[in-house]
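Working notes, structure below.
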């Protein structure tokens with residue numbers, strides 16, 4: 002039976018910590034691909050974790066921006082960037098990488114084919130993100 006989508010964020014729905022407890026002398030570079038940028042509550046949690054764990058370096062690649070018009074979302078994304086997180090929108094090449102690397106494909110399934118306005122969406126959200134982070 003397929004589960005219905007939850008209205009909760011992945012970060013909130015998980016009881017497990019998302020980022021590791023690092024060994025202080027060792028650094029960790031994490032790349033996280035997400036369908037949507039985090040909500041303000043999740044941004045606050047991630048920001049706190051990154052501030053507490055300076056050895057963790059997070060790159061967050063988003064396919065779209067979550068409620069980017071809301072002031073608290075923009076403030077949260079700026080705080081996340083100030084905590085050292087690299088924020089970037091996913092480009093067609095990133096979608097291809099995720100498809101080829103992480104998606105379990107059924108026999109005979111075609112390779113990834115970006116949708117018609119994939120690059121336009123990337124450009125649009127990249128401009129929005131740049132203006133938010135200024």
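Residue numbers (this note's numbering): 2 to 135. Each residue gets a CB set at the ideal place from its N, CA and C atoms; glycine is no exception.
Assigned secondary structure, residue 104 (DSSP; H/G/I helix, E/B strand, else coil): coil
Exposure of residue 44, with buried meaning 16 or more beta-carbon neighbours within 10 Å: buried
Whose C-alpha, out of 97, 90, 48, is nearest the C-alpha of residue 129? 90
Ordered along the chain, which non-local residues of its own chain (more than five positions away) have a Cβ less than 7 Å from that of residue 66? 38, 126, 129, 130
Just to confirm before moving on: does the CB-CB distance between residue 34 and residue 58 stay below 8 Å? no
Cα-Cα separation between residue 31 and residue 122, rounded to whole angstroms: 25 Å
Close beta carbons around residue 1, own chain, < 8 Å, minus the five adjacent residues each side: For the chain, the structure presents residues 2 to 135; residue 1 sits outside this window and is missing.
Residues in its own chain within less than 6 Å of residue 87 by CB, not counting five upstream and five downstream? 60
Other residues of its chain near residue 62: CB distance less than 8 Å, five sequence neighbours each side excluded: 32, 33, 34, 35, 89, 90, 91, 95
Kindly identify the DSSP beta-bridge partner or partners of residue 79. DSSP lists no partner for residue 79.
Backbone secondary structure at residue 30 - three-state DSSP: strand
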